[in-house]
Amino acid sequence: HCVCLFAVLPNYCLVVTICFTVLDLTACPEEQILNCNQPDMDDGAGCENPDEEVDAMSEESRSGDEAGNSNDSSWITDCPAVLRVKTLHISSPILAAKSPFFYKLFSNGMRESEQRHVTLTINASEEVALMELLNFMYINTLSVTTAPALLDVLMAADKYEVASCMRYCSRLLRNMPMTPESALHYLELPSSVLIGEAVQPLTDTAKQYLAAYYKDITK
């Protein structure tokens, strides 16, 4: 499954629509981050307050007819079915200030093109973490408290280059009770995450824990 985010940027007010799709992953590679071939919308859409916080679900719709076609293998590969749509009202200056990824997205993609629509494709499993990340960029805190959920947000923060959120997740994870399994899991994160300065305290703590743990076993 994939999630497509269609973003509209009128006057620094970003409207993001999340489309849940039933789609063969081979037809929806993560590398295809941007797609600026969507039709224009009215400039005033969703721009009443550019500084408002993330509205996690202000608009939803379902398309049963498209969902019913999911048994057609050729359709699954060629045409995703929109099962549910959520519209998020986001302040693009806030996102651009917190994330080089979004800064480049807005300053380059929007300024150099008359197209006001951007498509961001992610795995459906990343949606919750992305919502948490977007909220963090406004209020500098997270609602999730478990290690697996924090790791998901950490991965999303790395993907979208939100260093402040990476530091926040790393600190919370570092302050949680460590186990051999969790320590090994932290050290097995993708290399792009491990080399980040924000995650170094977490990996250092995991290494120290494992060294002490196995030293005690050999006594």
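In mature numbering (1 follows the signal peptide of the UniProt record, and there is no 0), the protein residues as written are -19 to -1, 1 to 200.
All C-beta atoms in this analysis are idealised placements derived from N, C-alpha and C, irrespective of residue type, glycine included.
This structure is a prediction, so every number in the text was calculated from the model and none was measured.
Proximity winner among the options, relative to residue i (alpha-carbon distances)
i: V180; options: A105, R155, M159; result: R155
i: T127; options: Y119, E113, I120, E169; result: E113
i: N116; options: S145, N89, L175; result: S145
i: N104; options: T122, A137, A77, S88; result: A137
i: I75; options: G177, Y119, V109, E162; result: Y119
i: Y141; options: E162, P161, T102; result: T102
For residue j and residue i, the rounded distance between their alpha carbons
i: L135; j: K188; result: 19 Å
i: L131; j: S173; result: 17 Å
i: T124; j: C150; result: In the sequence under discussion, the amino acid at residue 124 is Ser, which differs from the Thr named in the question. Their Cα atoms are separated by approximately 11 Å.
i: L153; j: M159; result: 12 Å
i: L165; j: D139; result: 19 Å
i: D185; j: L168; result: 9 Å
i: L175; j: S73; result: 28 Å
i: E108; j: E178; result: 25 Å
i: L86; j: Y194; result: 45 Å
i: N89; j: L111; result: 22 Å
i: M157; j: Y190; result: 12 Å
i: V143; j: L183; result: 17 Å
i: F83; j: P129; result: 25 Å
i: A192; j: T122; result: 32 Å
i: P171; j: I71; result: 29 Å
i: S163; j: S106; result: 21 Å
Residues that DSSP places opposite residue i in a beta bridge
i: N121; result: Looking at the DSSP assignment, N121 forms no beta bridge with any residue, so it has no partner.
Counted within 10 angstroms of its Cβ, other Cβ atoms place residue i as buried (16 or more) or exposed
i: S54; result: Here S54 scores only 43 on pLDDT, less than 50, and its place in the model should not be relied on; the value that follows carries that caveat. The residue is exposed, with fewer than 16 neighbouring Cβ atoms inside 10 Å.
i: M147; result: buried
i: S80; result: buried
i: A77; result: buried
i: K196; result: exposed
Segment limits, alpha helix (DSSP H) that includes residue i
i: P81; result: 81 to 85
i: S88; result: Looking at the DSSP string, S88 is not in any alpha helix (DSSP H), and its letter there is neither H nor E.
i: V143; result: Neither: V143 is in no alpha helix (DSSP H) and is coded neither H nor E.
i: A164; result: 161 to 168
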